[in-house]
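Colleague: This is the structure, below, for whatever I ask next.
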Amino acid sequence: MNNENKDRRIKWLILLIPTLTIGLWEYIRHAILLPYISMELGNLLAPFIVLLVTLTLVRNLFSRLEQSQQALQRAKGANAALEERERLARELHDGISQSLFLLAVKLDQLDEMQSEGPVKQLAEGLRETVRVMHEDVRQAIANLRQPLTPAAAAWVVPLRKLLGETADMTEARAVFTWSIPDESLTDKEKVELHACIREALMNVRKHAKASNVTVTGESVGEHGFRCSVEDDGVGFHGDPLQASGRFGLRMVRDRAKAMGWSFLIERRGDSTVVELLKRGGKVHE
Numbered sequence: 001m002n003n004e005n006k007d008r009r010i011k012w013l014i015l016l017i018p019t020l021t022i023g024l025w026e027y028i029r030h031a032i033l034l035p036y037i038s039m040e041l042g043n044l045l046a047p048f049i050v051l052l053v054t055l056t057l058v059r060n061l062f063s064r065l066e067q068s069q070q071a072l073q074r075a076k077g078a079n080a081a082l083e084e085r086e087r088l089a090r091e092l093h094d095g096i097s098q099s100l101f102l103l104a105v106k107l108d109q110l111d112e113m114q115s116e117g118p119v120k121q122l123a124e125g126l127r128e129t130v131r132v133m134h135e136d137v138r139q140a141i142a143n144l145r146q147p148l149t150p151a152a153a154a155w156v157v158p159l160r161k162l163l164g165e166t167a168d169m170t171e172a173r174a175v176f177t178w179s180i181p182d183e184s185l186t187d188k189e190k191v192e193l194h195a196c197i198r199e200a201l202m203n204v205r206k207h208a209k210a211s212n213v214t215v216t217g218e219s220v221g222e223h224g225f226r227c228s229v230e231d232d233g234v235g236f237h238g239d240p241l242q243a244s245g246r247f248g249l250r251m252v253r254d255r256a257k258a259m260g261w262s263f264l265i266e267r268r269g270d271s272t273v274v275e276l277l278k279r280g281g282k283v284h285e
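Here UniProt numbering is used: the first residue of the sequence shown is 1, the next is one more, and so on.
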């Protein structure tokens, strides 16, 4: 409601300021400036004065109104997403979860009817399968009812999965920390950032022999971010971008350069860090 009242005031100001400007100019011209400025010159100056006020005050009000409308749309989108998640959680609970419960009851009845033999063994196996499915559904319901976070954004989930796969293949410990707001990135930035992180993780798979791998994404100012892939593997000697077989790192560097981001690869203590940095202020469409 506060945002709606604020938007309403801004709209009224946009409508009234040009009119008030003309009225104030006419009053000043007739009350003070008439001996010094002719009627013809006063009439000629009036539209330029209105234009000047429009380019300053009114233009600023339009910008504030646009920002307010964008924030309102983001809030509506977030609320719609929450409502959809809650609807899916209810459907899972009222449909699949209840059906699995009834199936478990019937399996218990079958188990009581058949004390021994292959049917009993089959019932026990089915009961275990139902139990696992029921736990999966309960976990899915719990996840749907959790608040949305940057790390739960749809395009971020494959990154976390890719990190997990990298850790499984290298028997390393994985840590994923992500706090970049989804709305602070354009679609193009998401695509390019996803590709860069993927290449950096592929490089860890092929060369690092790491025990720990960490992916971190954090905000830097407005619309800016810092994203890094860090591992405690064997590291590198010399310039890693010139080493044979490091095409992925050169691709990350080139993608970052094309987007106007800073690219860095360095040793920090016992760790190798590939870092992408976008300073706040620029938005790449």
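Every residue gets a Cβ at the ideal spot worked out from N, C-alpha and C, and that includes glycine.
All figures in this text were calculated on a predicted structure; none of them were measured in a lab.
(1) Quick check: L238 and C227, are their CB atoms within less than 7 angstroms of each other?
(2) Whole angstroms are fine: how far does the CA of I180 sit from the CA of V229?
(3) What separation, rounded to the nearest whole angstrom, lies between the Cα atoms of V234 and A167?
(4) Assign I28 to buried or exposed, taking buried as 16 or more other Cβ atoms, counted over all protein chains shown, within 10 Å of its Cβ.
(5) Go ahead and label H223 buried or exposed: buried means 16 or more other beta carbons lie within 10 angstroms of its beta carbon, across all protein chains shown.
(6) Is L186 helix, strand or coil when you go by DSSP?
(7) What are the residues that DSSP puts in a beta bridge with N212?
(8) The alpha helix (DSSP H) with V229 in it runs from where to where?
(9) Tell me the DSSP bridge mates of R268?
(10) Considering only DSSP beta bridges, list what G260 is partnered with.
(11) Name the residue from M133, H207, K188 whose alpha carbon lies nearest to the alpha carbon of M169.
(12) Throw me the rounded Cβ distance for the S68 and D7 pair, which I believe falls under 8 angstroms.
(13) Using the beta-carbon count (16 or more within 10 Å), is W155 buried or exposed?
(14) Tell me the rounded alpha-carbon separation between V273 and S184.
(15) Can you tell which of R131, E124, G125 has its C-alpha closest to the C-alpha of I96?
(16) Terminal residues of the continuous alpha helix (DSSP H) containing P47?
(17) What residues in its chain sit with their C-beta under 7 angstroms from that of R173, if we drop five residues either side in the sequence?
(18) Determine whether the beta carbon atoms of V215 and L277 lie at a separation below 7 angstroms.
(19) Measure the Cβ-Cβ separation of V252 and E171 and say whether it is below 7 angstroms.
(20) Assuming contact is defined by CB atoms lying nearer than 7 angstroms, are G280 and V220 in contact in what I supplied?
(21) I197 and L159 - do their beta-carbons sit closer together than 7 angstroms?
Modeller: The answer reads as follows:
(1) For this step, residue 238 is matched to residue 238 along the sequence shown. For this step, residue 227 is matched to residue 227 along the sequence shown. According to the sequence as given, residue 238 is Gly; it is not Leu. Against a cut-off of 7 angstroms, the Cβ pair of C227 and G238 comes out as no contact.
(2) Locating residue 229 in the sequence shown gives position 229, where the first residue counts as 1. Locating residue 180 in the sequence shown gives position 180, where the first residue counts as 1. V229 and I180: Cα-Cα distance of roughly 15 angstroms.
(3) Against the sequence shown, residue 234 aligns to sequence position 234. Against the sequence shown, residue 167 aligns to sequence position 167. Rounded to the nearest angstrom, the two C-alpha atoms are 16 angstroms apart.
(4) Residue numbering aside, residue 28 sits at position 28 when the sequence shown is read from its first letter. Label assigned to I28: exposed.
(5) Along the sequence shown, read from residue 1 onward, the residue named residue 223 stands at position 223. Buried.
(6) Numbered from its first residue, the sequence shown carries residue 186 at position 186. Checking the displayed sequence, the identity of residue 186 turns out to be Thr instead of Leu. Three-state DSSP puts T186 in coil, outside helix and strand.
(7) Residue numbering aside, residue 212 sits at position 212 when the sequence shown is read from its first letter. The partner list for N212 (beta bridge, DSSP) reads R173.
(8) If you number the sequence shown from 1, residue 229 lands on position 229. For V229, there is no enclosing alpha helix (DSSP H); the residue is part of the beta strand (DSSP E) that begins and ends at 225 to 231.
(9) Your numbering for residue 268 matches position 268 in the sequence shown. Answer is S271.
(10) As a position in the sequence shown, residue 260 is number 260, starting the count at 1. Its beta-bridge partners do not exist; DSSP assigns none.
(11) On the sequence shown, position 169 is the one that residue 169 refers to. In terms of Cα proximity to M169, the closest of M133, H207, K188 is H207.
(12) As a position in the sequence shown, residue 68 is number 68, starting the count at 1. As a position in the sequence shown, residue 7 is number 7, starting the count at 1. Between S68 and D7 a beta carbon distance of about 5 angstroms is seen, short of the 8 angstroms cut, so the two are scored as contacting.
(13) Here residue 155 corresponds to residue number 155 of the sequence shown, with the count starting at 1. W155 should be labelled exposed.
(14) What you label residue 273 is simply residue 273 of the sequence shown in a count that begins at 1. What you label residue 184 is simply residue 184 of the sequence shown in a count that begins at 1. Cα-Cα distance, rounded: 24 angstroms.
(15) Indexing the sequence shown from 1 puts residue 96 at position 96. If we check each option's Cα against that of I96, R131 comes out closest.
(16) If you number the sequence shown from 1, residue 47 lands on position 47. Residues 39 to 53.
(17) What you label residue 173 is simply residue 173 of the sequence shown in a count that begins at 1. Apart from sequence neighbours up to five positions away, the residues of its chain that approach R173 with a beta-carbon distance below 7 angstroms are A167, S211, N212, ordered along the chain.
(18) If you number the sequence shown from 1, residue 215 lands on position 215. If you number the sequence shown from 1, residue 277 lands on position 277. At the C-beta level, V215 and L277 stay beyond 7 angstroms of one another.
(19) Numbered from 1 along the sequence shown, position 252 holds the residue referred to as residue 252. Numbered from 1 along the sequence shown, position 171 holds the residue referred to as residue 171. E171 sits away from V252, with the two beta carbons spaced by 7 angstroms or more.
(20) Here residue 280 refers to the residue found at position 280 of the sequence shown. Here residue 220 refers to the residue found at position 220 of the sequence shown. In this structure, V220 lies closer than 7 angstroms to G280 by Cβ.
(21) Here residue 159 corresponds to residue number 159 of the sequence shown, with the count starting at 1. Here residue 197 corresponds to residue number 197 of the sequence shown, with the count starting at 1. Yes, the Cβ-Cβ distance between L159 and I197 is below 7 angstroms.
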